[in-house]
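K.L.:
Sharing a structure here in structure tokens format.
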Amino acid sequence: MHITVNGELHEIADGATLADLVAERLRSDKGVAAAVDGEVAPRGSWPGVALRDGQAVELLTAVQGG
Amino acid sequence: MHITVNGELHEIADGATLADLVAERLRSDKGVAAAVDGEVAPRGSWPGVALRDGQAVELLTAVQGG
Amino acid sequence: MHITVNGELHEIADGATLADLVAERLRSDKGVAAAVDGEVAPRGSWPGVALRDGQAVELLTAVQGG
Amino acid sequence: MHITVNGELHEIADGATLADLVAERLRSDKGVAAAVDGEVAPRGSWPGVALRDGQAVELLTAVQGG
Amino acid sequence: MSDELVLAGEKLGSRLILGTGGAPSLQVVDEVIGASGTALCTVSMRRVDPSTAGSILDVLSRHGVRILPNTAGCRTAREAILTAQLARDALDTEWVKLEVIADDDTLLPDAIELVDAAERLVADGFKVFPYTNDDPILARRLQRVGCVAVMPLGAPIGSGLGILNPHNIELIVAEAEVPVVLDAGVGTASDATLAMELGCDAVLLASAVTRAQDPGLMAAAMAAAVDAGRLARLAGRIPKREHAHASSPTTGMAVL
Amino acid sequence: MSDELVLAGEKLGSRLILGTGGAPSLQVVDEVIGASGTALCTVSMRRVDPSTAGSILDVLSRHGVRILPNTAGCRTAREAILTAQLARDALDTEWVKLEVIADDDTLLPDAIELVDAAERLVADGFKVFPYTNDDPILARRLQRVGCVAVMPLGAPIGSGLGILNPHNIELIVAEAEVPVVLDAGVGTASDATLAMELGCDAVLLASAVTRAQDPGLMAAAMAAAVDAGRLARLAGRIPKREHAHASSPTTGMAVL
Amino acid sequence: MSDELVLAGEKLGSRLILGTGGAPSLQVVDEVIGASGTALCTVSMRRVDPSTAGSILDVLSRHGVRILPNTAGCRTAREAILTAQLARDALDTEWVKLEVIADDDTLLPDAIELVDAAERLVADGFKVFPYTNDDPILARRLQRVGCVAVMPLGAPIGSGLGILNPHNIELIVAEAEVPVVLDAGVGTASDATLAMELGCDAVLLASAVTRAQDPGLMAAAMAAAVDAGRLARLAGRIPKREHAHASSPTTGMAVL
Amino acid sequence: MSDELVLAGEKLGSRLILGTGGAPSLQVVDEVIGASGTALCTVSMRRVDPSTAGSILDVLSRHGVRILPNTAGCRTAREAILTAQLARDALDTEWVKLEVIADDDTLLPDAIELVDAAERLVADGFKVFPYTNDDPILARRLQRVGCVAVMPLGAPIGSGLGILNPHNIELIVAEAEVPVVLDAGVGTASDATLAMELGCDAVLLASAVTRAQDPGLMAAAMAAAVDAGRLARLAGRIPKREHAHASSPTTGMAVL
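Below, the structure is given as structure tokens:
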């Protein structure tokens with residue numbers, strides 16, 4: 001299926017969870033937060049969050065800022 | 001009956017209208033506006049506004065200000 | 001003989017006076033003042049001021065300023 | 001004889017020197033400078049400075065100042 | 001050069017708007033209106049006092065100046081709206097200087113109540129002139145809800161501190177699509193001149209004139225001050241330079 | 001109210017003194033003199049250039065304004081004195097704006113040469129108007145040697161920085177026994193208004209008008225600005241307060 | 001003397017809060033944190049970029065400084081709240097510097113969205129540090145909805161204009177019941193010193209240090225500046241006087 | 001980084017020069033010298049009073065600070081020169097803070113007497129530190145006659161008005177070939193920080209510390225303030241911008 005991750009289209013296995021996506025995309029999930037379709041997905045819930053085709057996922061972390 | 005006019009208790013004949021009150025209280029109604037129980041009573045409506053015991057009437061006009 | 005007028009060398013007949021110089025150089029002497037060798041030469045004195053070879057004459061007037 | 005010391009009249013033995021005056025007036029001459037009749041009298045010269053009747057002596061030292 | 005002020009579609013013959021508060025008497029009001037040449041004056045709505053002789057309205061009509069009733073003293077949108085409606089009924093004008101203050105000490109506007117009241121008064125057909133702080137974003141919101149002008153303060157009412165933050169006034173002017181009126185804070189003539197130089201379209205003041213030692217003279221001073229600032233704005237000032245620039249010729253010097 | 005400026009015993013119809021330098025043409029000089037309403041203009045003394053058409057003197061006489069020759073560009077008392085004497089002979093006036101500058105970059109006055117020149121010019125019968133810095137003590141010395149006015153700068157000539165140290169100008173005004181003229185630094189109208197509010201008797205400026213984008217408009221602005229400041233000074237401004245002071249009645253509020 | 005800053009119940013060893021934005025590299029961030037002695041730094045939440053090496057979080061934890069995530073760039077209450085919630089989840093902190101700006105040019109806060117967001121974040125258990133304008137009334141509202149501090153700007157973000165309206169900062173401090181942090185506008189050390197002298201409890205700055213020609217030196221300067229201002233506030237300055245007051249004895253002068 | 005102040009060839013460990021006048025007691029002088037970390041203190045020369053217990057000299061020597069005697073109160077070059085000579089004889093130092101004031105109200109320097117005295121003291125072998133006004137031309141003259149530093153005022157002595165004309169201080173610094181010490185006018189820490197940011201090499205103050213409500217705390221504040229300003233000057237501040245400049249990334253924003 002296809003989902004949008006941080007604004008870019010991304011293919012991922014059907015049935016993948018948010019945890020799977022993060023593991024696949026990032027070296028580490030330290031300091032990372034996620035939103036799915038504009039709702040916060042708490043870190044603890046990721047293994048149980050089944051992704052669906054067409055969803056938009058935002059993965060954020062802290063960067064230098066004012 | 002008794003009504004409150006600009007914060008002071010005032011006795012007036014039963015059945016008196018707002019127009020009666022203004023005529024009784026003021027030399028002229030020029031530049032005067034009225035509110036009854038916190039609602040604006042347009043000048044044109046005064047003859048038809050029958051006052052009831054216990055109502056609060058505010059009679060305002062322009063003064064130096066601002 | 002040669003004199004310096006406002007910084008430029010200028011030839012003039014021997015025996016010429018400051019009045020002669022001004023008459024020769026300027027359409028009008030209105031609003032003009034003169035200094036010869038760093039001394040003021042009052043306007044009234046010009047006819048009597050005989051110039052000598054090598055002298056420096058400054059002729060000044062009012063211009064837009066300050 | 002009488003001399004003026006810091007603005008006050010002061011009696012002192014005839015023939016007294018500036019050194020005598022300082023010794024008589026002050027516990028210590030540390031940090032003190034002297035002027036006699038408006039002239040500086042260098043510290044080293046005091047024993048040789050014979051005072052004369054009517055002279056004005058100023059004895060100064062450092063105080064708090066901005 | 002025609003350089004008239006236009007407020008809510010009306011041409012006004014002066015860029016000085018005069019508040020009538022603080023004057024010791026109607027005679028003084030009469031004097032300062034004359035001396036200032038103003039074409040628009042503010043009034044407040046208060047309880048009728050049958051004992052008072054003479055009316056501010058007579059003075060204003062004698063001078064043929066427009067009336068701008070204010071909602072001074074109101075602390076909530078509701079109070080301000082009712083007061084505006086009563087003023088409209090009493091004075092037969094849709095113009096209102098909207099004041100919604102947070103407290104009686106600072107007399108500073110409450111941004112949130114102010115926007116709320118402005119929006120509802122515009123919907124009710126009023127021409128709203130909001131007294132606001134110098135926040136450029138609030139000024140923008142007030143324009144968006146339909147105010148016919150924005151009237152930022154230079155400093156707190158009656159303080160005479162002048163324009164405490166000229167930078168904000170410049171930001172407001174730079175993006176304003178309605179007239180900007182500097183309201184409150186003016187203490188002396190140079191404050192009014194500066195306001196106009198910053199690009200304000202008009203200046204509204206009361207205490208600076210009505211409480212001056214000689215109100216009539218100060219009214220004349222303010223009239224000249226507003227003209228001076230407006231003309232300077234139109235004329236285009238010289239740039240500021242860190243270093244001097246001779247105004248007398250540097251050539252043609254005599255060697256003396 | 002009669003409030004004429006008197007300089008060296010002469011009444012002048014305006015408190016704005018105009019420098020004619022910096023104007024692109026005599027036409028512009030003509031325009032700004034008219035628009036400013038000035039009664040006194042400065043000129044500089046320079047070598048005659050037979051090729052130039054028209055004379056500043058004709059423009060000034062047409063307007064009937066007094067002439068105040070300056071010693072601009074002089075670096076020593078000697079140069080300034082000779083220049084003043086030549087100006088007196090050429091223009092038939094004992095008035096002189098005394099400038100003795102230290103260098104051509106800052107154009108700042110040299111205190112020591114200035115006092116020396118002033119003292120000697122006074123002894124020679126001149127009416128000396130010294131261009132000085134804003135040091136109150138130097139202003140005092142210039143008065144003591146007999147200057148008929150003191151003309152402190154607000155900021156360097158042509159800088160348009162306004163009045164950098166109002167406190168010094170106030171100190172000078174407070175003890176002055178001759179007229180104080182704010183000279184140099186004015187960039188826009190509010191600077192001139194402030195100068196008069198500080199108590200100056202007049203303002204002398206050139207570049208602010210002659211180099212403005214529209215010199216004629218700025219001349220009119222400055223005329224109004226000087227009037228505004230003078231009137232405000234006479235009117236007596238309200239005090240500055242840290243806190244607000246209501247200009248609308250705090251009593252008689254309706255309960256709505 | 002113990003004079004610790006306490007924010008949201010936590011003691012902090014420095015009154016200088018450092019924004020990490022604008023630094024050319026994490027090395028520079030590392031340097032300025034060390035040189036500034038700060039105990040609290042802001043970060044922003046942005047999309048993960050797998051390609052970036054090193055993390056600001058490692059730098060901050062190495063220095064043992066607390067993290068204050070901001071909602072920079074958010075234009076609505078909704079965006080700001082979601083961003084705050086994501087930051088809380090990612091960084092395990094309830095502290096948030098709440099920024100709700102009106103546009104990307106002025107970066108000025110939107111008063112109405114800001115109060116809305118603050119109220120809802122407080123209800124959601126956050127410790128809210130709102131970046132606000134210098135309106136004392138808005139600061140009051142933010143306290144009333146439960147913010148643990150108020151952070152008024154001195155001037156627009158990154159402008160380096162200092163504190164444009166010290167009077168408003170004083171008004172905010174005078175009635176504040178929570179710490180006041182001067183946020184934005186600081187350009188150099190004296191701006192930070194002034195902020196503390198006005199009574200602010202801390203100063204938050206980024207560009208002034210991270211974009212200085214020598215960030216490390218400027219970080220040290222700001223540390224000293226904040227100390228200086230805090231000590232001066234506690235020490236109680238001398239009053240300003242219009243006239244001089246001798247600091248050397250006027251008695252005991254010799255007659256020479 | 002070695003950044004020592006060098007005056008008249010001597011290295012000093014602090015850029016804060018402390019006047020000892022105004023302190024209620026020698027104990028307070030002792031405290032503020034310690035808290036300020038100063039390496040140079042001024043004293044005045046006055047008539048010996050046999051009744052006084054303790055000497056300022058003992059306090060200064062205990063702290064190992066250098067002594068800079070002043071000529072406070074002198075009104076003529078002659079008085080100042082005699083006072084300097086007496087100080088040299090009494091204190092065994094050629095350093096002198098040269099003050100020649102015009103009167104006891106303004107305590108402002110008299111330019112002409114000052115230059116005269118400076119020239120003669122230099123010829124007599126003194127290291128002259130002249131207290132001067134903020135006239136750049138006078139500062140230039142004082143350097144030309146051989147002064148080892150120039151010490152312009154920020155505002156009148158003891159006024160606490162800060163630096164009334166920063167532009168003049170910048171002009172003095174820009175062309176100075178000797179150290180520039182901001183002397184007089186400092187009222188609080190930010191004034192001292194600003195002086196150093198303007199490029200002064202040191203700050204001399206007395207009343208701001210000795211007359212503060214808590215002199216010891218203010219002494220510490222001033223020490224930090226001078227460091228802050230010096231470091232900021234060396235670090236190179238960000239430019240002032242009329243508009244905002246984001247300090248948080250404008251890219252990588254989440255779409256929420």
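Protein chains in written order, with the numbering used here: chain A, 1 to 66; chain B, 1 to 66; chain C, 1 to 66; chain D, 1 to 66; chain E, 1 to 256; chain F, 1 to 256; chain G, 1 to 256; chain H, 1 to 256. Note that beta-carbon positions come from the ideal geometry of N, C-alpha and C, so glycine has one too. All values reported here derive from a predicted model rather than from experimental measurement.
Alpha carbon to alpha carbon, how far is G/VAL128 from H/GLY252? Give it in angstroms, no decimals.
P.N.:
Translated into positions along the eighth sequence, residue 252 of chain H becomes position 252. Translated into positions along the seventh sequence, residue 128 of chain G becomes position 128. For H/GLY252 and G/VAL128, the distance between alpha carbons rounds to 24 Å.
K.L.:
Spell out whether any CB of chain F is found under 8 Å from the CB atom of H/ALA232.
P.N.:
Counting from 1 along the eighth sequence, the entry for residue 232 of chain H is found at position 232. Judged by the 8 Å Cβ criterion, H/ALA232 is not in contact with chain F.
K.L.:
Let's test the definition: count the other Cβ atoms within 10 Å of the Cβ of D/ARG52 and tell me whether it reaches 16, buried, or not, exposed.
P.N.:
Working through the fourth sequence from its first residue, we reach residue 52 of chain D at position 52. Exposed.
K.L.:
Which residues in the same chain have their Cβ closer than 7 Å to the Cβ of F/ALA228, if we skip the five residues on either side of it in sequence?
P.N.:
Sequence index remark: in the sixth sequence, residue 228 of chain F carries index 228 (1-based). Correct list, in chain order: THR193.
K.L.:
Check E/GLY34 in the structure and name its three-state DSSP category.
P.N.:
The sequence position of residue 34 of chain E within the fifth sequence is 34, counting from 1. Three-state result, E/GLY34: helix.
K.L.:
The ligand SAH and G/THR76: does the residue's C-beta get closer than 7 Å to at least one heavy atom of that ligand?
P.N.:
Ligands are entirely absent from the displayed structure, and the ligand SAH is therefore not among its contents.
K.L.:
Looking only at its chain, what residues have a beta carbon closer than 6 Å to the beta carbon of F/LEU205, apart from the 5 residues adjacent to it on each side?
P.N.:
Position 205 of the sixth sequence, counted from the start, is the residue given in the question as residue 205 of chain F. Taken in chain order, the residues that qualify are VAL186.
K.L.:
What does the alpha-carbon distance come out to for the pair H/ASP92 and F/LEU98?
P.N.:
Here residue 92 of chain H is taken as the residue at index 92 of the eighth sequence, counted from 1. Here residue 98 of chain F is taken as the residue at index 98 of the sixth sequence, counted from 1. It is roughly 46 Å from the alpha-carbon of H/ASP92 to the alpha-carbon of F/LEU98.
K.L.:
For the beta strand (DSSP E) that H/GLY216 lies in, which residues bound it at each end?
P.N.:
Here residue 216 of chain H refers to the residue found at position 216 of the eighth sequence. Here H/GLY216 belongs to no beta strand (DSSP E); instead the alpha helix (DSSP H) covers 215-235.
K.L.:
Suppose you measure from the CA of G/ARG78 to the CA of E/SER14; what does that come to, to the nearest Å?
P.N.:
Numbered from 1 along the seventh sequence, position 78 holds the residue referred to as residue 78 of chain G. Numbered from 1 along the fifth sequence, position 14 holds the residue referred to as residue 14 of chain E. Roughly 46 Å between the two C-alpha positions.
K.L.:
Relative to the alpha-carbon of E/ALA80, which residue among E/THR106, E/PRO50, E/TYR131 has its alpha-carbon at the smallest distance?
P.N.:
Within the fifth sequence, numbered from 1, the residue matching residue 80 of chain E stands at position 80. The shortest C-alpha separation from E/ALA80 is found at E/TYR131.
K.L.:
Work out the CA separation of H/ASP191 and E/SER247 for me, nearest whole Å.
P.N.:
In the fifth sequence, the residue the question calls residue 247 of chain E occupies position 247. In the eighth sequence, the residue the question calls residue 191 of chain H occupies position 191. Approximately 34 Å between the Cα atoms of the pair.
K.L.:
What residues from chain C crowd round F/ASP257, counting only those whose CB sits closer than 8 Å?
P.N.:
With chain F represented from 1 up to 256, any question about residue 257 of chain F goes unanswered, as that position is not in the structure.
K.L.:
For C/GLU58, would you say it is in contact with chain E, using Cβ-to-Cβ distances shorter than 8 Å as the test?
P.N.:
Within the third sequence, residue 58 of chain C is the residue found at index 58, counting from 1. For C/GLU58, at least one C-beta of chain E is nearer than 8 Å to its own C-beta.
K.L.:
Is there a Cβ from chain G that is less than 8 Å from the Cβ of E/HIS245?
P.N.:
What you label residue 245 of chain E is simply residue 245 of the fifth sequence in a count that begins at 1. Judged by the 8 Å Cβ criterion, E/HIS245 is not in contact with chain G.
K.L.:
Below 9 Å on C-beta distance, what does G/PRO249 contact in chain D?
P.N.:
Sequence index remark: in the seventh sequence, residue 249 of chain G carries index 249 (1-based). In chain order: VAL63, GLN64, GLY65.
K.L.:
To test your reading of the DSSP string, which unbroken alpha helix (DSSP H) runs of 4 or more residues are found completely within the segment 37-117 of chain G?
P.N.:
Listed in chain order, the complete alpha helix (DSSP H) runs (minimum 4 residues) inside the segment 37-117 of chain G are 56-63, 77-91.
K.L.:
Going by other Cβ atoms of all chains shown within 10 Å of its Cβ, with 16 needed for buried, is E/GLY54 buried or exposed?
P.N.:
For the purposes of this step, residue 54 of chain E is identified with residue 54 of the fifth sequence, where counting begins at 1. Exposed is the call here.
K.L.:
Using a Cβ-Cβ distance cut-off of 8 Å, determine whether F/ALA212 contacts chain E.
P.N.:
Along the sixth sequence, read from residue 1 onward, the residue named residue 212 of chain F stands at position 212. With 8 Å as the cut-off, F/ALA212 counts as an interface residue toward chain E.
K.L.:
Could you tell me which uninterrupted beta strand (DSSP E) segments, each at least 3 residues in length, are contained entirely in the segment 150-211 of chain F, listed from first to last along the chain?
P.N.:
Counting only runs of 3 or more residues that sit fully inside the segment 150-211 of chain F, the beta strand (DSSP E) segments are 181-183, 202-205, in chain order.
K.L.:
Judging by CA-CA distance, which residue of G/HIS167, G/LEU164, G/ASP3, G/PRO156 is the nearest neighbour of G/SER207?
P.N.:
Walking along the seventh sequence from the start, residue 207 of chain G turns up at place 207. Selected option, being the one with the closest Cα: G/PRO156.
K.L.:
Applying a beta-carbon distance threshold of less than 8 Å, which residues of chain H neighbour D/GLY31?
P.N.:
Here residue 31 of chain D refers to the residue found at position 31 when the fourth sequence is read from its first residue. SER55, LEU57, ALA90, LEU91, listed in chain order.
K.L.:
Give me whichever residues DSSP pairs with H/GLY19 in a beta bridge.
P.N.:
Here residue 19 of chain H is taken as the residue at index 19 of the eighth sequence, counted from 1. Bridge partners of H/GLY19: H/THR42.
K.L.:
What is the DSSP secondary structure of H/VAL122, counted as helix, strand or coil?
P.N.:
Taking the first residue of the eighth sequence as 1, we reach residue 122 of chain H at position 122. If DSSP states are grouped into helix, strand and coil, H/VAL122 belongs with the helices.
K.L.:
Would a C-beta distance cut-off of 8 Å place F/HIS245 and E/GLY158 closer than the cut-off?
P.N.:
The residue you call residue 245 of chain F lines up with position 245 of the sixth sequence. The residue you call residue 158 of chain E lines up with position 158 of the fifth sequence. Yes, Cβ-Cβ distance for F/HIS245 and E/GLY158 is below 8 Å.
K.L.:
Taking only runs of the alpha helix (DSSP H) that begin and end inside the segment 15-41 of chain B, which ones reach a length of at least 4 residues, in chain order?
P.N.:
18-25
K.L.:
Indicate the three-state DSSP secondary structure (helix, strand or coil) for F/PRO239 in the structure shown.
P.N.:
As a working note, residue 239 of chain F is residue 239 in the sixth sequence. Secondary structure at F/PRO239: coil, using DSSP grouped into helix, strand and coil.
K.L.:
Sort C/PRO42, C/ALA35, C/VAL57 by Cα distance to C/GLU11 and report the nearest one.
P.N.:
Taking the third sequence and counting its residues from 1, the one referred to as residue 11 of chain C is at position 11. Considering only alpha carbons, the answer is C/VAL57.
K.L.:
In whole angstroms, what is the alpha-carbon distance linking E/LEU26 and E/LEU60?
P.N.:
In the fifth sequence, the residue the question calls residue 26 of chain E occupies position 26. In the fifth sequence, the residue the question calls residue 60 of chain E occupies position 60. About 10 Å.
K.L.:
Kindly confirm or deny that the segment 213-231 of chain H and the segment 33-43 of chain G touch, where touching means at least three C-beta pairs closer than 8 Å.
P.N.:
no
K.L.:
Roughly how many angstroms separate the alpha carbons of E/VAL226 and E/VAL203, rounded to a whole number?
P.N.:
Here residue 226 of chain E refers to the residue found at position 226 of the fifth sequence. Here residue 203 of chain E refers to the residue found at position 203 of the fifth sequence. Going from the Cα of E/VAL226 to the Cα of E/VAL203 covers about 7 Å.
K.L.:
Using a C-beta to C-beta distance shorter than 7 Å, which residues of chain E count as neighbours of C/GLY38?
P.N.:
For the purposes of this step, residue 38 of chain C is taken as residue 38 along the third sequence, with counting starting at 1. Within 7 Å Cβ-Cβ: LEU256.
K.L.:
To the nearest angstrom, how far is the alpha carbon of F/GLU4 from that of F/GLY19?
P.N.:
Here residue 4 of chain F corresponds to residue number 4 of the sixth sequence, with the count starting at 1. Here residue 19 of chain F corresponds to residue number 19 of the sixth sequence, with the count starting at 1. Straight-line Cα distance between these residues: approximately 20 Å.
K.L.:
Report the option in G/LEU107, G/GLY160, G/ASP201 whose CA atom is closest to the CA atom of G/THR71.
P.N.:
The sequence position of residue 71 of chain G within the seventh sequence is 71, counting from 1. Nearest to G/THR71 by C-alpha distance, out of G/LEU107, G/GLY160, G/ASP201, is G/LEU107.
K.L.:
If you follow the beta strand (DSSP E) that G/LEU7 is in, where does it begin and where does it stop?
P.N.:
For this step, residue 7 of chain G is matched to residue 7 along the seventh sequence. 5-7 is the extent of the beta strand (DSSP E) around G/LEU7.
K.L.:
Pull up the distance between the alpha-carbon of G/ASP124 and that of A/ARG43, whole angstroms please.
P.N.:
Position 124 of the seventh sequence, counted from the start, is the residue given in the question as residue 124 of chain G. Position 43 of the first sequence, counted from the start, is the residue given in the question as residue 43 of chain A. Cα to Cα, G/ASP124 sits roughly 18 Å from A/ARG43.
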